[in-house]
Amino acid sequence: MSSAPVLLDSDTLSDLSRGHPVVTARATEYLERHGRLTVSAVSIFERLRGYRAALRLGKPLHEHLRQFELFAATCVVLPVDARVADEAATIWAHLGRRGRRLVGDILIAATASVQGIPLVTRNRRDFEPMTRVGGVKLGLVDWHR
Amino acid sequence: MNLVMLTARRRAEGAIARTIRFPRRLRERIAADAERCGRSFEAHVIAVLRRHYGEDVDIAPAPSVIIARARASLSGLGRAERRMLTRHLVEGDGG
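As given, the protein sequences belong to chains A and B, one line each in that order. According to the working numbering, the residues represented by the first sequence are 1 to 145, in order. According to the working numbering, the residues represented by the second sequence are 146 to 240, in order.
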């Protein structure tokens, strides 16, 4: 495994949370080297809004939310700042109609590009077109294999 | 002991974790100082580093702890609930 840091996308984070054995092994190896996982604030938002919406529906997910917050506190969370917004706008403008709907993925890809770190994803279909946008430096890594 | 230093720049680059081994005599001196200050060994090492360098030093939990927390965030949930919690942000997403 490369010693360089990587950004986990939302799917990889979900697979880790579901206990995907290969992702878990790769994450463990990474954590032994880097100490913390790196994720986007967008991935944190996606999960938190799910918990909050579920709680509003009366689902008893307080402990699940607490565990996620504890997990998130151990991560390096990269923000969506002005540079990420600018990069995301460039990516969005180059995508087709279907690609443009994937606002979360675009912001996550832009975050990885701005930081110059590879994105860990199993979703090459959606992210590959973003790697071909001029000026965008986005490398894809798959922890599922 | 895995110590992680997180300055603003390093947050962007990713944290660096290193295992620190202390010679026995130094470990005993730190432990004595920690006890005098009412801190754990780890908390005292962090306090010393923070005071000396003025940086946001932290202790990274063990990989097994981090992964256990991730798993606990979805454990025991049905497919519909998991899908609700892991849905992606897409344009036109009204809930």
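Glycine is no exception: its CB is placed at the ideal position from the N, C-alpha and C atoms.
Beta-carbon proximity list for A:Val22, same chain, < 8 Å, skipping 5 on both sides: Taken in chain order, the residues that qualify are Trp143, His144, Arg145.
Which residues bound the alpha helix (DSSP H) around A:Thr24? Secondary structure note for A:Thr24: its alpha helix (DSSP H) is the uninterrupted segment 21-34.
When Cβ atoms are compared, which residues of the stretch 16-42 of chain A fall closer than 9 Å to chain B? So the list reads Leu16, Ser17, Arg18, Gly19, Thr24, Ala27, Thr28, Glu29, Tyr30, Leu31, Glu32, Arg33, His34, Gly35, Arg36, Leu37, Thr38, Val42, given in the order they occur along the chain.
Please check if any C-beta of chain A sits within less than 7 Å of the C-beta of B:Ala157. Legend: pLDDT at B:Ala157 = 47, less than 50; position of this residue unreliable, no value from coordinates given.
Examine chain B for any beta-carbon lying closer than 7 Å to the beta-carbon of A:Phe68, and answer yes or no. Judged by the 7 Å Cβ criterion, A:Phe68 is in contact with chain B.
Over the uninterrupted alpha helix (DSSP H) stretch that includes A:Thr38, give me the two end residues. Counting along the chain, A:Thr38 sits inside no alpha helix (DSSP H); it lies in the beta strand (DSSP E) bounded by residues 38-40.
First and last residue of the beta strand (DSSP E) that includes A:Leu78? Counting along the chain, the unbroken beta strand (DSSP E) around A:Leu78 starts and ends at 76-78.
Whole angstroms is fine: what's the gap from B:Leu167's alpha carbon to B:Arg184's? What sits at residue 167 of chain B in the sequence shown is Phe, not Leu. When only Cα atoms are considered, B:Phe167 and B:Arg184 end up about 18 Å apart.
Residues of chain B with a CB under 7 Å from the CB of A:Trp103: which are they? It is worth fixing the name first, because residue 103 of chain A is Val in this sequence and not Trp. Within chain B, the C-beta atoms nearer than 7 Å to that of A:Val103 come from Leu234, Val235, Glu236, in chain order.
Three-state secondary structure (DSSP) at A:Asp142? If DSSP states are grouped into helix, strand and coil, A:Asp142 belongs with coil.
Since B:Ala212 meets chain A, which of its residues come closer than 8 Å, beta carbon to beta carbon? Sequence inspection shows Ile at residue 212 of chain B; the Ala mentioned does not correspond to that position. Leu16, Thr24, Ala27, Thr28, Leu31, listed in chain order.
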